[in-house]
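Structure, as C-alpha cells:
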Ligand SMILES: Nc1ncnc2c1ncn2[C@@H]1O[C@H](COP(=O)(O)OP(=O)(O)OP(=O)(O)O)[C@@H](O)[C@H]1O
Ligand SMILES: [Mg+2]
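Protein chains in written order, with this note's numbering: chain S, 1 to 237; chain L, 238 to 529.
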C-alpha cells in the first residue's frame, strides 16, 4: 500500500514549548490510522501540525506533495478535512450554511447539491434542523454537523479528533458505522484520534501510541487488539 | 404633526449616511476586531476624488462609480500595506495606526485640495419634495441610494458564496481556514467594501455639509454612536442604530430649542456614553461573554 499521508520527524511547539518530538507515521491510501494516547500526549497537536495550525518542522507529504510549509487553507483545498477538537462549528450560522461552508472551495457546484442530500442521508437530524443556528444544536448534533461539514469537502483524508467525545453509546456506534462506510465505500482515508481505543482499533488498520510527544509503539491494529500485554500496559483495557 | 413627520423623514435621510458609516465600522470591527477611527477620513478623501473627477469634466455618475472602484482598491491596499503587518499587534498599536491614518488623510486632502469649503454637486437637484417641505429631492435621492446599497449588501452577504465565506471568516477565522477559506483575502475584501460604502456615504452627504477636509468629523461621531447603539457585532443593528441617531439628532435640534445647531454633536457623545453604560452590547449585538 502506498501512503497518502506521510509524516517524518515531526516537531511542533506552542511558542517556546515543544510538545512533539520527532514523530514519524503514515496513513495509507484508503486506509485508517489511529493515534492513541493519554491526555496531553500530543494527539490534538499532531493533527494541528498536519494542518499547519501550529508551528512545525519535519517533513509532511500529502498525496506526493510536500505540505510542511503550506497554509491551513491550502491544505484544506488539497482535500484534507479536519474535524477539530471542539468541533469547529460556526455557531452563529445555520446548519445549512455550515454544511455549505464545508464545500465552499469546490467548483463542481451541481455535485455539491447532491452531497448535501447525501449528508442529510447519513444524518437525518441535520435536515430537520437545517435552518437552525448551529450553536443551538446539542453536543451530539454538533458532532454530526462537524463530520457532515467535513464530508462536504469530498475529502481524500479526514482528520478526526475524538469524534466519539460526548456522544451516547448508541450514537457512537452509529457514528463508527458511518465512518466505516465512508472508508470502505467512498474510499476516504482516515486519521483517527480516539480515547476509546477498543473502538478505534476495530476500525483502524494501523495504530500508533503516543506518550508525551513521542511514538512509543506502533503496529497493525489487529496485532495490538490481540496482544493482551500491550493492551494492558499501554491502553488499559 | 406634519412638522414632526417631515423632521423624522429628514432625520432618516441623514440617518442613512450615519447607517452607512456605522456599517463600514462594524464590518471592519468584525473582520479585525478593531474600530477604524479613520473610516470618516477615508470617506472624505474618496469624496475629494469624486469632486476632482467632476472638476475634470466627468459626468456625475461616471465620477460616482469610478470613485467607488478607486475607494474599494484603496481600502484593500490600506489593509494589505498598513494593517496586515500589524495584525497580531495589541490594541494600542491599532489605535495609533488609525489615528496616524486619519491625520495623514486629513492633511493630504488639505494639501492637495486646500481647506476652503467647496460645494459638491447633487444628481438629484434640491427642489423641495413637498410643497412646504423640509425634505428636498437630494435627501430623497440620498435615502434611495443608501437603501439600494443596503439591499445590495444584504443580498451579497446572505445569498452569495463570497458573502458566506466573509461572514465565516469574521465569526471564526480558525474554522474558516480549516474549510479552505483564505481569511486574509476576506479581510482585505472587507476593507475594500467598507471603503466603498464610506465613499458612497461621503458623496451623498457632501452636498449637505459641503466639501472640506473636516467634513466627516461629525458624521463619523454619529456613525460611531449608531454602531454602538445597534451593537458593534451586528451589521443590521448598526444600520438601525444609524437611522435612530439621525432621527434623534434632527428632532432634538428642532424641538429642544437650547440644543439648536451647536450642541447637536453632544447628542452623539451622550448616546455613546449612555448605551455603553446601560446596555454595552447595543440593541442587536451579542453580549460579550466572559468565562468565570
Ligand atoms: N494552545 C496551547 N498552548 C500551549 N500548550 C499547549 C496548547 N495546547 C496544548 N498544549 C500542550 O501540549 C501538550 C499536548 O496537548 P494535546 O492537546 O496535543 O494533547 P492530547 O493528546 O490531544 O490530549 P487530550 O487527550 O487531553 O485531548 C500538552 O502538554 C498541552 O498542555
Ligand atoms: Mg486532544
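In this text, a Cβ means the ideal position worked out from N, Cα and C, and glycines have one as well.
Task: Beta-carbon neighbours of residue 412 of chain L, restricted to chain S and to distances below 8 Å - done: 84, 88, 89, 90
Open item on the list: For ligand 1, is there any heavy atom lying closer than 7 Å to the beta carbon of residue 7 of chain S?
Closed with: no
Open item on the list: Spatial neighbours of residue 49 of chain S within its chain, please: C-beta separation below 7 Å, excluding the five flanking residues on both sides.
Closed with: 10, 12, 20, 56
TODO: Would you verify that the beta carbon of residue 100 of chain S is, or is not, closer than 8 Å to some beta carbon of chain L?
DONE: yes
Open item on the list: Check whether chain S comes within 8 Å of residue 408 of chain L, counting only Cβ atoms and requiring the distance to be less than that.
Closed with: yes
- [ ] Report the residue from L:380, L:423, L:409, L:378 whose alpha carbon sits nearest the alpha carbon of residue 398 of chain L.
- [x] L:423
- [ ] Quick one: which residues of the region 479-490 of chain L get their C-beta closer than 8 Å to a C-beta of chain S? List them in chain order.
- [x] none
Open item on the list: In this structure, how does DSSP classify residue 336 of chain L when only helix, strand and coil are distinguished?
Closed with: helix
Open item on the list: Assuming residue 153 of chain S is part of the beta strand (DSSP E), what are its boundary residues?
Closed with: Residue 153 of chain S -> no beta strand (DSSP E), and no H or E assigned at all.
TODO: Indicate whether at least one CB of chain S lies closer than 8 Å to the CB of residue 519 of chain L.
DONE: no
Task: Check: residue 44 of chain S C-beta below 7 Å from any heavy atom of ligand 2 - done: yes
Task: Three-state secondary structure (DSSP) of residue 271 of chain L - done: coil
Open item on the list: Any heavy atom of ligand 1 closer than 7 Å to the beta-carbon of residue 85 of chain S?
Closed with: yes
Open item on the list: Is it buried or exposed, residue 128 of chain S, if we count other Cβ atoms within 10 angstroms and call 16 or more buried?
Closed with: exposed
Task: Under the three-state DSSP convention, the category residue 133 of chain S falls into - done: strand
- [ ] Could you work out which residues of chain S lie near residue 321 of chain L, taking near to mean beta carbons separated by less than 7 Å?
- [x] The premise fails here: residue 321 of chain L is roughly 14 Å from chain S at the closest Cβ pair, so nothing lies under 7 Å.
Open item on the list: Please identify, using Cβ separations under 7 Å, the residues of the region 62-77 of chain S that lie next to chain L, in order along the chain.
Closed with: 72, 73, 76, 77
Task: Those residues which DSSP pairs with residue 17 of chain S across a bridge - done: S:14
TODO: Since I believe residue 164 of chain S is in contact with residue 186 of chain S (beta carbons under 8 Å), could you give me their beta-carbon distance rounded to a whole number of angstroms?
DONE: Their Cβ separation, rounded to whole angstroms, is 20 Å, which puts residue 186 of chain S and residue 164 of chain S out of contact at 8 Å.
TODO: Kindly indicate which three-state DSSP category residue 100 of chain S falls into: helix, strand or coil?
DONE: helix
Open item on the list: Which residues of the region 103-115 of chain S have a Cβ closer than 7 Å to any Cβ of chain L? Give them in chain order.
Closed with: 104, 105
- [ ] Would you give the residue range spanned by the beta strand (DSSP E) that residue 206 of chain S belongs to?
- [x] 206-211
TODO: Mind the definition here: the region 479-486 of chain L touches the region 304-320 of chain L only if three or more C-beta pairs lie below 8 Å; say whether that holds.
DONE: no
Task: For residue 519 of chain L and residue 191 of chain S, the rounded distance between their alpha carbons - done: 44 Å
Open item on the list: Quick check on residue 418 of chain L - is its C-beta less than 8 Å from some C-beta in chain S?
Closed with: yes
Task: Beta-carbon contacts of residue 414 of chain L that lie in its chain and below 8 Å, excluding the five residues immediately before and after - done: 420
Task: Cut-off 6 Å between Cβ atoms - residues of its own chain near residue 103 of chain S, not counting five sequence neighbours on either side - done: 112, 152
TODO: For chain S, find out if any of its Cβ atoms is closer than 8 Å to the Cβ of residue 405 of chain L; answer yes or no.
DONE: yes
TODO: Taking residue 459 of chain L as the reference, give the member of L:241, L:244, L:238, L:257 with the closest Cα.
DONE: L:257
Task: CB of residue 278 of chain L within 8 Å of CB of residue 352 of chain L, strictly - done: no
Open item on the list: Nearer than 7 Å: is that true of the beta carbon of residue 19 of chain S relative to any heavy atom of ligand 1?
Closed with: yes
Task: Where residue 33 of chain S sits in the DSSP three-state scheme - done: strand
Open item on the list: As a quick exercise: from S:64, S:142, S:26, pick the residue whose alpha carbon is nearest that of residue 8 of chain S.
Closed with: S:26
- [ ] To the nearest angstrom, report how far apart residue 522 of chain L and residue 471 of chain L are at their CA atoms.
- [x] 5 Å
- [ ] Could you work out which residues of chain S lie near residue 196 of chain L, taking near to mean beta carbons separated by less than 8 Å?
- [x] This structure cannot settle anything about residue 196 of chain L, because the visible part of chain L is limited to 238 through 529.
Open item on the list: Here's a check: name, in chain order, each residue in its chain whose Cβ is nearer than 7 Å to the Cβ of residue 528 of chain L, leaving out the five neighbours to either side.
Closed with: Residue placement at residue 528 of chain L is poorly supported in this model, since its pLDDT is 45, which falls under 50; the coordinates are not used for a value here.
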